[in-house]
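Asks:
There are 2 protein chains.
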Amino acid sequence: MPPLERLPACLMINGDTLLIAHLGYPTKPFKAPLIYNPYFDSIGVNAVVMPMGSLPEDYPALVREIFKLTNIRGALVTMPHKVTTVGLMDEVTTTARIAGACNAILKRDDGTLLGDLFDGEGFVRGVRRKGRTLAGASALVVGSGGVGSAIAASLAAAGAARLGLFDVSAASADALAARLREHYPALAVTTGSKDPAGYDIVVNASPLGMKDDDPVPMDVARIASSTFVGEVVMTREYTPFLAAARERGCTTQVGVDMLFEQIPAYLEFFGLPTTTPDVLRSVAKVAYQP
Amino acid sequence: MPPLERLPACLMINGDTLLIAHLGYPTKPFKAPLIYNPYFDSIGVNAVVMPMGSLPEDYPALVREIFKLTNIRGALVTMPHKVTTVGLMDEVTTTARIAGACNAILKRDDGTLLGDLFDGEGFVRGVRRKGRTLAGASALVVGSGGVGSAIAASLAAAGAARLGLFDVSAASADALAARLREHYPALAVTTGSKDPAGYDIVVNASPLGMKDDDPVPMDVARIASSTFVGEVVMTREYTPFLAAARERGCTTQVGVDMLFEQIPAYLEFFGLPTTTPDVLRSVAKVAYQP
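So the sequence lines, in the order shown, correspond to chains A and B.
Taken in order, the first sequence gives residues 722 to 1011; the numbers are from my numbering.
Taken in order, the second sequence gives residues 722 to 1011; the numbers are from my numbering.
(1) Any chance the stretch 796 to 816 of chain A sits against the stretch 740 to 756 of chain A, with 3 or more Cβ pairs inside 8 Å?
(2) In this structure, does DSSP put L901/B in helix, strand or coil?
(3) Could you confirm whether any beta carbon from chain C is found closer than 9 Å to the beta carbon of F991/A?
(4) Would you decide whether K749/B is buried or exposed? Buried here means 16 or more other CB atoms lie within 10 Å of its CB.
(5) Specify the secondary structure class of E958/B as computed by DSSP and reduced to three states.
(6) Find out if the Cβ-Cβ distance for the pair V975/A, E958/A is shorter than 9 Å.
(7) What's the gap between the Cα of A825/B and the Cα of A882/A?
(8) Mind checking who P772/A pairs with in its DSSP beta bridge?
(9) Looking at C-alpha atoms only, which residue of Y757/A, F981/A, L929/A, L809/A is the closest neighbour of G864/A?
(10) If we cut at 9 Å on Cβ distances, does Y746/A have a partner in chain B?
(11) Note down, in chain order, all residues in the stretch 978 to 990 of chain B with a beta-carbon under 9 Å from any beta-carbon belonging to chain A.
(12) Please list the residues of the stretch 899 to 915 of chain B that have a C-beta atom closer than 8 Å to any C-beta atom in chain A, keeping them in chain order.
(13) DSSP three-state label for D831/B, please.
(14) When the Cα atoms are used, what is the spatial distance from T960/A to L790/A?
(15) Could you please give the first and the last residue of the uninterrupted beta strand (DSSP E) stretch that includes I922/A?
(16) Touching or not, the stretch 874 to 890 of chain A and the stretch 843 to 861 of chain A, by the rule of three or more beta carbon pairs under 8 Å?
(17) By the 10 Å Cβ neighbour count, where 16 or more other Cβ atoms means buried, how is V1007/A classified, buried or exposed?
(18) Does any C-beta atom of chain B lie closer than 9 Å to the C-beta of A860/A?
(19) With which residues is R883/A paired in a DSSP beta bridge?
(20) Between V798/A and chain B, is the shortest Cβ-Cβ distance under 9 Å, so that the two count as touching?
(21) Using a Cβ cut-off of 7 Å, pull out every chain B residue sitting near G774/A, in sequence order please.
(22) Can you pull the chain A residues whose beta carbon is under 7 Å from the beta carbon of A964/B, in chain order?
(23) Could you tell me the alpha carbon to alpha carbon distance between T912/A and L886/A, rounded to whole angstroms?
(24) Compare the beta carbon distance of L776/A and Y757/A with 9 Å and say whether it is the shorter of the two.
(25) Determine whether the Cβ of D831/B lies closer than 9 Å to any Cβ atom of chain A.
(26) Alpha carbon to alpha carbon, how far is L783/A from E786/B?
(27) Take the Cβ of R900/A as the centre, count every other Cβ of all protein chains shown within 10 Å, and call the residue buried at 16 or more, exposed below.
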């Protein structure tokens, strides 16, 4: 029998419980309640993350009404509502504006809604925790979809000096570059090349690596050992790309790190006591490593 | 250290969790989550009762949107929304129609909303559990407000043959009588007297007994010892009225019984595994006895 202190703490919802909605569809794959709620239990915060499945056609009206609840603090937003959410907020952060997506909603004291996006912030926090400086750094982001846009926007917000963007859709990378330049005029942004040579940070923000026979997203032989190499694919801890970078001696960051690193950012956003990714991993009732 | 099996079971919300909204305002006094959720835990049902505070001006639109959630089963409804709810449903039961209030909403498989009211059903179930038969019985209900209307409607639904109604507002009792006669033409309904003589069942459904200096709601000396005597006041276990009836040898029912007796009715309504009031009392994380 395990010692008493190792038993899971118990969520006891009552009339004072603060609601954090987890909005998306389908709800089945939601994992956040299995991290946030045990954490809230462990520190005695009376809040609960509650999955709420909303279909795309129902979502805008739901957002209008649900944040009028007197005991709601905000929401985690996931597929398929991250893009739609931008247009439903009273205000969105620059990062969410550039990336064109929100994964967090805060109901402010005056009832207005602020949208933010923490995917890229999770990446950036992971880089910092591993000892790298973002201010003045150069970074290559391969993939300009949702997560790539989020990472590029957060790297810019963190003070990166130069960004290289690449996507199989050149128009997608160019559009992201234009949005970045608009909000960060001093940032040097180039597109069209996925050559990792000469960058302080490179990150695969494309889906390449999810399948066994995927090509690597960039030429690993051109990555210097001093380069920080990140990955967003979460279906395996080390993709062939990330494993090759590690073999070259690079400091690496696995996809799941981005997920646990962004939770403290969410907690700060909601005005709740924050913690470290390690604490969150230790209380989580879900295994994230493949 | 207590044995492991005595430790509270843990609510572990995940992507499959069924939501039962607890709608009302303010949420602070809500006690239902402290009964339902430990019960769900104890039997391994993945459902959660979540308090949601809604102001009267926000409530109709909230009801329209929140039941579109893909993982919501229904709602418990409390003050101040019980009357409003009737007009927001696709269908309401006869009991809810007569009483003019709903305290339960079911989202049916086709997405339509059914409203019901279990206050009176709780009273009726308590009477039955204490060995009395409702079919053909006569009952005096003192108080024609929300709870009195609910009890009268449920007594009629349970097959009572004769009801006496009394309220300090004669118009209120007469209006309830008219609604009962409309739906139950064979039921004998009289109003204007609170004389308990000659009834099988008498119940105080007025607030008298909440305060120490309240008069008793009816003349206890006129209650036969064979009469079943019920009370709705919950602020004390035995009101002076109920204590006097018990002293006369009457079988009695305290106010809180009505509350715990109606939970199995809610569970059946939601299509969830049901249980007995005793089991609910044993798992509840709240003390209801004063």
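The beta-carbon is built from N, C-alpha and C at its ideal position, and this holds for glycine as well.
It should be emphasised that the depicted structure is a prediction, and the values quoted were computed from it without experimental measurement.
Replies: This is what the structure holds:
(1) Result yes; three or more Cβ-Cβ pairs closer than 8 Å.
(2) Mapped onto the second sequence, residue 901/B falls at position 180. If DSSP states are grouped into helix, strand and coil, L901/B belongs with the helices.
(3) The structure shown contains no chain C; its protein chains are A and B.
(4) Counting from one through the second sequence, the residue named residue 749/B turns up at place 28. If you draw a 10 Å sphere on the C-beta of K749/B, you find fewer than 16 other C-beta atoms in it, and that means exposed.
(5) Within the second sequence, numbered from 1, the residue matching residue 958/B stands at position 237. Coil, per DSSP.
(6) Position 254 of the first sequence, counted from the start, is the residue given in the question as residue 975/A. Position 237 of the first sequence, counted from the start, is the residue given in the question as residue 958/A. Yes; because the gap between Cβ atoms is below 9 Å, this pair is in contact.
(7) Here the question's residue 825/B lines up with position 104 in the second sequence. Here the question's residue 882/A lines up with position 161 in the first sequence. Approximately 58 Å between the Cα atoms of the pair.
(8) Indexing the first sequence from 1 puts residue 772/A at position 51. In the DSSP assignment, P772/A is bridged to H743/A.
(9) Counting from one through the first sequence, the residue named residue 864/A turns up at place 143. Distance from the Cα of G864/A is smallest, within the candidate group Y757/A, F981/A, L929/A, L809/A, for L929/A.
(10) The count along the first sequence starts at 1 and reaches residue 746/A at position 25. So, interface residue.
(11) Those would be none; no residue qualifies.
(12) Hits within the stretch: zero.
(13) Reading the second sequence from its first residue, position 110 is the one you call residue 831/B. Of the three classes helix, strand and coil, the one that applies to D831/B here is coil, per DSSP.
(14) Walking along the first sequence from the start, residue 960/A turns up at place 239. Walking along the first sequence from the start, residue 790/A turns up at place 69. Cα to Cα, the separation comes out at about 43 Å.
(15) As a position in the first sequence, residue 922/A is number 201, starting the count at 1. Start and end: 922 to 925.
(16) Yes, they touch.
(17) The residue labelled residue 1007/A in the question sits at position 286 within the first sequence. V1007/A is exposed by the Cβ-count criterion.
(18) Numbered from 1 along the first sequence, position 139 holds the residue referred to as residue 860/A. Cβ-Cβ to chain B under 9 Å: no for A860/A.
(19) To locate residue 883/A, count along the first sequence from 1; it is residue 162. Partner(s): S859/A, A909/A.
(20) Here the question's residue 798/A lines up with position 77 in the first sequence. Residue contact with chain B for V798/A: absent (no Cβ-Cβ distance below 9 Å to any residue of chain B).
(21) Within the first sequence, numbered from 1, the residue matching residue 774/A stands at position 53. Residues of chain B passing the Cβ test: L790, T791, N792.
(22) Position 243 of the second sequence, counted from the start, is the residue given in the question as residue 964/B. Chain order gives no chain A residues near A964/B, where near means a beta carbon separation below 7 Å; the closest approach is about 30 Å.
(23) Indexing the first sequence from 1 puts residue 912/A at position 191. Indexing the first sequence from 1 puts residue 886/A at position 165. Distance from the CA atom of T912/A to the CA atom of L886/A, rounded to whole angstroms, is 5 Å.
(24) Mapped onto the first sequence, residue 776/A falls at position 55. Mapped onto the first sequence, residue 757/A falls at position 36. L776/A places its beta carbon 9 Å or farther from that of Y757/A.
(25) Residue 831/B sits at position 110 when you count from the first residue of the second sequence. No - not a single Cβ of chain A is within 9 Å of the one on D831/B.
(26) Residue mapping note: residue 783/A aligns to position 62 of the first sequence, counting from 1. Residue mapping note: residue 786/B aligns to position 65 of the second sequence, counting from 1. The straight-line gap from Cα to Cα measures roughly 5 Å.
(27) To locate residue 900/A, count along the first sequence from 1; it is residue 179. Within a 10 Å sphere around the beta-carbon of R900/A sit 16 or more other beta-carbons, which makes this residue buried.
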